[in-house]
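Here's the structure we're looking at; comments come further down.
Residue numbers (our numbering): 44 to 448.
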């Protein structure tokens, strides 16, 4: 019989984990449920529902910092920051459309556990670069904390970077402190139409090498752009006078690629939200989605190689070519080794981002690690959760728990 623990505070989280340890009953961790389909299905029946751990504990706009409990809806955080013209600079995505779910269900803790950032990552960094500190409960049922409220806090080990992207396999996050940044006064997007991927790659590479402070660079081929044509997009943000000067610099330096169209304000924000949320590939809903990371200068070549191998693949590039989102028909799961081979050739890596549970259980979802690195990862996991009680098997098959779900 499945049990569901619903702790109301951090101490009750520790008590629930202690009870699971006594019964040797692994837990699947749940809050908003927005990211439940990422990774392998947990090898656990019982549920630890931490959705009651919500609310903002501290927000000091003048200090550009806030602390909130882990299950606080991300939409509430962003609304709070917007009132003070501030933002989470790493542009957290919402994959609701991609997974056919209601938007706005993501939580602060889920965002941190997944550790993914939107298009501004090339300028602002990722979640791990903005997390100042946290509180959590380990798989030993021990409450611990790391970091503080300032970037230069050096007390103890920097565990924040371990938590980001750990998918709940190391600890249950209960409280998080983030730094924030002022929102831009003006945002524009330059849209260079009808470039093929090699041309788009060359343009993005050149633009990112200029002192124009481009905050996002992406390429949507005609097959995934709603306008029915290819679009190579560059975003500029900041004070109005600065944006105007940098726009002029880019248009002069990139004049060989044609005159760009311009989007501004909400129109510009809308297209970058869609790119962050992978909305261009959301349909058909049964297609598999891969998240591919490679050296930015190799993006166009990787895209061409994938098309040659997979035929009817649909894809687009973000991060100036360093991130490729790929959609393939369900039958193409047999080509997983080809996809990973194309990335391995350029020292990249691939994650099976959207797939049915049975496929995520059968195939490696995350890039397989070299033996030595895998051993280090396992030692770290075991140090936090020696009984493999928290989200077992979500990242890699659990030798102890696999088959118990």
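Glycine included, C-beta positions come from ideal geometry on N, C-alpha and C. All figures in this text were calculated on a predicted structure; none of them were measured in a lab.
6 Å CB neighbourhood of residue i in its chain, flanking five on each side removed
{"i": "residue 127", "result": "104"}
{"i": "residue 267", "result": "323, 357, 359"}
{"i": "residue 278", "result": "232, 258, 259"}
{"i": "residue 99", "result": "111"}
{"i": "residue 304", "result": "234"}
{"i": "residue 46", "result": "89"}
{"i": "residue 423", "result": "none"}
{"i": "residue 383", "result": "393"}
{"i": "residue 190", "result": "175, 176, 196, 203"}
Helix, strand or coil at residue i according to DSSP, with G and I counted as helix
{"i": "residue 164", "result": "helix"}
{"i": "residue 80", "result": "coil"}
{"i": "residue 109", "result": "strand"}
{"i": "residue 121", "result": "helix"}
{"i": "residue 44", "result": "coil"}
{"i": "residue 236", "result": "strand"}
{"i": "residue 448", "result": "Reliability fails at residue 448, whose pLDDT of 42 lies under 50, so the model's placement of it is uncertain and the value that follows must be treated cautiously. Three-state DSSP puts residue 448 in coil, outside helix and strand."}
{"i": "residue 116", "result": "strand"}
{"i": "residue 50", "result": "coil"}
{"i": "residue 438", "result": "coil"}
{"i": "residue 250", "result": "helix"}
{"i": "residue 286", "result": "helix"}
{"i": "residue 64", "result": "helix"}
{"i": "residue 257", "result": "coil"}
{"i": "residue 427", "result": "helix"}
{"i": "residue 212", "result": "coil"}
{"i": "residue 326", "result": "coil"}
{"i": "residue 219", "result": "strand"}
{"i": "residue 318", "result": "helix"}
{"i": "residue 158", "result": "coil"}
{"i": "residue 433", "result": "strand"}
{"i": "residue 281", "result": "strand"}
Cβ neighbours of residue i in the same chain (closer than 8 Å, five flanking residues each side left out)
{"i": "residue 155", "result": "113, 170, 174, 177, 206, 207, 216, 219"}
{"i": "residue 251", "result": "165, 257, 260, 339, 363"}
{"i": "residue 307", "result": "229, 230, 231, 232"}
{"i": "residue 317", "result": "323"}
{"i": "residue 283", "result": "228, 229"}
{"i": "residue 53", "result": "96, 178, 180, 186, 217, 218"}
Own chain partners of residue i with C-beta closer than 7 Å, once the 5 adjacent residues on each side are dropped
{"i": "residue 224", "result": "107, 129, 130, 132"}
{"i": "residue 158", "result": "169, 170, 171, 207, 208"}
{"i": "residue 153", "result": "74, 75, 77, 78"}
{"i": "residue 184", "result": "57, 60, 61, 64"}
{"i": "residue 85", "result": "71, 434, 435, 436, 437, 448"}
{"i": "residue 432", "result": "60, 63, 64, 69, 70, 182"}
{"i": "residue 400", "result": "84"}
{"i": "residue 292", "result": "253, 255"}
{"i": "residue 123", "result": "99, 102"}
{"i": "residue 389", "result": "337, 338, 341, 345"}
{"i": "residue 167", "result": "132, 133"}
Integer-rounded CB distance, given that residue j should sit under 8 Å from residue i
{"i": "residue 74", "j": "residue 150", "result": "5 Å"}
{"i": "residue 434", "j": "residue 210", "result": "6 Å"}
{"i": "residue 96", "j": "residue 70", "result": "15 Å between Cβ atoms; not a contact."}
{"i": "residue 341", "j": "residue 300", "result": "That belief does not hold up - the Cβ atoms of residue 341 and residue 300 are roughly 20 Å apart, past 8 Å."}
{"i": "residue 265", "j": "residue 255", "result": "Their Cβ separation, rounded to whole angstroms, is 26 Å, which puts residue 265 and residue 255 out of contact at 8 Å."}
{"i": "residue 352", "j": "residue 395", "result": "About 16 Å; that fails the 8 Å criterion."}
{"i": "residue 379", "j": "residue 406", "result": "5 Å"}
{"i": "residue 336", "j": "residue 366", "result": "6 Å"}
{"i": "residue 373", "j": "residue 329", "result": "5 Å"}
Sheet register partners of residue i (DSSP bridge)
{"i": "residue 188", "result": "178"}
{"i": "residue 410", "result": "DSSP, once it has assigned bridges, lists no residue as partnering residue 410."}
{"i": "residue 72", "result": "91"}
{"i": "residue 142", "result": "Answer by DSSP bridge pairing: none, since residue 142 is not bridged."}
{"i": "residue 369", "result": "333, 358"}
{"i": "residue 101", "result": "110"}
{"i": "residue 129", "result": "225"}
{"i": "residue 262", "result": "275, 360"}
{"i": "residue 393", "result": "335"}
{"i": "residue 134", "result": "Answer by DSSP bridge pairing: none, since residue 134 is not bridged."}
{"i": "residue 352", "result": "According to DSSP, which records beta bridges pairwise, residue 352 is partnered with nothing at all."}
{"i": "residue 299", "result": "Note: residue 299 sits in no beta bridge, so no partner."}
{"i": "residue 306", "result": "232"}
Min CB distance residue i to chain B below 7 Å
{"i": "residue 318", "result": "You won't find chain B in this structure, because it holds only one protein chain."}
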